[in-house]
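Asker: Structure below; questions to follow.
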Amino acid sequence: MIELRNVTLTFPDGDRRITAVDNASLSVPPGTITAVTGASGSGKSSLLAVASALITPDSGEVRVAGIDLAGLSRAEATAVRREHIGIVFQQSNLLPALSALDQLAVMNELDGHSRAARAATRERARDLLARVGLAGHEDKRPHQLSGGQRQRVNIARALMNEPGVLIVDEPTSALDHARGMEIITLILELTRDRGTSTLLVTHDRSHLDRMDQVLVMSDGVLNTLDPAAASAALVRG
Ligand SMILES: Nc1ncnc2c1ncn2[C@@H]1O[C@H](COP(=O)(O)OP(=O)(O)OP(=O)(O)O)[C@@H](O)[C@H]1O
1 MIELRNVTLT FPDGDRRITA VDNASLSVPP GTITAVTGAS GSGKSSLLAV
51 ASALITPDSG EVRVAGIDLA GLSRAEATAV RREHIGIVFQ QSNLLPALSA
101 LDQLAVMNEL DGHSRAARAA TRERARDLLA RVGLAGHEDK RPHQLSGGQR
151 QRVNIARALM NEPGVLIVDE PTSALDHARG MEIITLILEL TRDRGTSTLL
201 VTHDRSHLDR MDQVLVMSDG VLNTLDPAAA SAALVRG
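By full-length UniProt numbering, the letter at position 211 of the sequence shown is numbered 211, and the numbering carries on one by one without gaps.
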């Protein structure tokens, strides 16, 4: 579950402050997907940063996987992120030198677990890669994969720790329409199968009618839109 109640986030701007998120409330139940759309600079990334425990808002309540983020130290917030939140960033941040399998396994292996635990990690990574359609591609490095395949690795990596919350920033921006559709379908399936509360930012309005909930951000303010109406608006142009 992701829950934001009356969240406001401001940034300094010379003598004044910019309100990036303005008294925003939202709730994303398990197994559902909420899309946030809106113009550039409307506050979407700021909202994701708050929901990912990367930034503490000025005011309001943020609960992720049942945990109230208020008052957590930086280390505690990092621990919550690691255990409960899978994040797929806009820019693919895969490590060029690592195979697809190692991109998934490396974070867990850094913990220095036993041999058996390492083997289990690699088995889980292999299963997840198969789940996102990359069986047979485990040993490929990022430059040997297409944009859509790299995005699949990103998604699989975000799921390694079996998070209850999945935060996805612009997953289709670097892809053509057909590949974008496939990625959205995958994220929807994973959300249903794994029961994640998925919060997704997108500029691409063509996917909105597939979402459980659509929110439009404008100058930091969130408004609910009927998913079908969001698509109808697209048809009308
Ligand atoms: N670290 C920061 N310091 C100061 N101002 C910031 C910071 N991050 C965002 N802002 C400001 O907050 C507002 C919202 O920005 P944000 O990046 O959240 O919008 P966005 O909707 O994600 O935009 P885009 O679609 O272009 O990524 C903007 O006015 C932006 O300039």
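Cβ atoms here follow ideal geometry from the backbone N, Cα and C, with glycine treated the same way.
Quick caveat: nothing in here was measured; it's all calculated off a predicted structure.
(1) Let me confirm a value: Asn223 is counted as buried when at least 16 other C-beta atoms fall within 10 Å, else exposed. Which label applies?
(2) Does the beta-carbon of Glu162 have 16 or more other beta-carbons within 10 angstroms, so that it is buried, or is it exposed?
(3) Quick check on His143: buried or exposed, where buried means 16 or more other Cβ atoms within 10 Å of its Cβ?
(4) Judging by CA-CA distance, which residue of Ile85, Ala120, Ile187 is the nearest neighbour of Gly164?
(5) Where does Ser25 sit, in a helix, a strand or coil, going by DSSP?
(6) Below 8 Å, can you find three or more Cβ-Cβ pairs linking the stretch 12-22 to the stretch 176-191?
(7) By the three-class DSSP mapping on this structure, what secondary structure does Ile2 have?
(8) DSSP three-state label for Ile183, please.
(9) In its own chain, which residues sit with a C-beta less than 7 Å from the C-beta of Arg157, not counting the 5 before and 5 after it?
(10) If we call anything under 8 Å between Cβ atoms a contact, is Leu95 one with Arg126?
(11) Could you give the C-beta distance for Val36 and Leu47, rounded to a whole number, given that I count them as a contact under 8 Å?
(12) With a threshold of 8 Å between beta-carbons, can Ala53 be considered close to chain D, or not?
(13) Please name the residue in Asp169, Ala97, Ala174 whose C-alpha comes closest to that of Ser146.
(14) Would you report the Cα separation of Arg179 and Gly148, rounded to the nearest angstrom?
(15) Is the beta carbon of Ile18 within less than 7 Å of some heavy atom of ligand 1?
(16) Is Asp212 helix, strand or coil when you go by DSSP?
Answerer: Once the coordinates are examined:
(1) Numbered from 1 along the sequence shown, position 223 holds the residue referred to as residue 223. Asn223 is exposed by the Cβ-count criterion.
(2) Sequence index remark: in the sequence shown, residue 162 carries index 162 (1-based). Only exposed fits Glu162, as fewer than 16 other CB atoms lie within 10 angstroms of its CB.
(3) To locate residue 143, count along the sequence shown from 1; it is residue 143. Exposed.
(4) Along the sequence shown, read from residue 1 onward, the residue named residue 164 stands at position 164. Looking at the Cα atoms, Ile85 is the closest of the given residues.
(5) Here residue 25 corresponds to residue number 25 of the sequence shown, with the count starting at 1. Looking at Ser25 - three-state DSSP - the assignment turns out to be strand.
(6) No: fewer than three Cβ pairs fall under 8 Å.
(7) On the sequence shown, residue 2 is found 2 positions in, with the first residue counted as 1. In the structure shown, the three-state DSSP call for Ile2 is strand.
(8) Along the sequence shown, one-based indexing puts residue 183 at 183. Residue state, collapsed to three classes: helix.
(9) Within the sequence shown, the letter at position 157 stands for residue 157. Taken in chain order, the residues that qualify are Gln103, Leu104.
(10) Indexing the sequence shown from 1 puts residue 95 at position 95. Indexing the sequence shown from 1 puts residue 126 at position 126. In this structure, Leu95 sits away from Arg126, with a CB-CB distance that is not shorter than 8 Å.
(11) Sequence index remark: in the sequence shown, residue 36 carries index 36 (1-based). Sequence index remark: in the sequence shown, residue 47 carries index 47 (1-based). Your pair Val36 and Leu47 checks out as a contact, with CB atoms roughly 6 Å apart and the cut at 8 Å.
(12) In summary, chain D is missing from the structure at hand, where a single protein chain is found.
(13) Position 146 of the sequence shown holds residue 146. Of the candidates Asp169, Ala97, Ala174, Ala174 places its Cα closest to the Cα of Ser146.
(14) As a first step, residue 179 is located in the sequence shown; it is residue number 179 there, counting from the start. As a first step, residue 148 is located in the sequence shown; it is residue number 148 there, counting from the start. Take the alpha-carbon of Arg179 and the one of Gly148: they are about 6 Å apart.
(15) Position 18 of the sequence shown, counting from 1, holds the residue named residue 18. For ligand 1, at least one heavy atom lies less than 7 Å from the Cβ of Ile18.
(16) Within the sequence shown, residue 212 is the residue found at index 212, counting from 1. The answer is coil: DSSP assigns Asp212 none of H, G, I, E or B.
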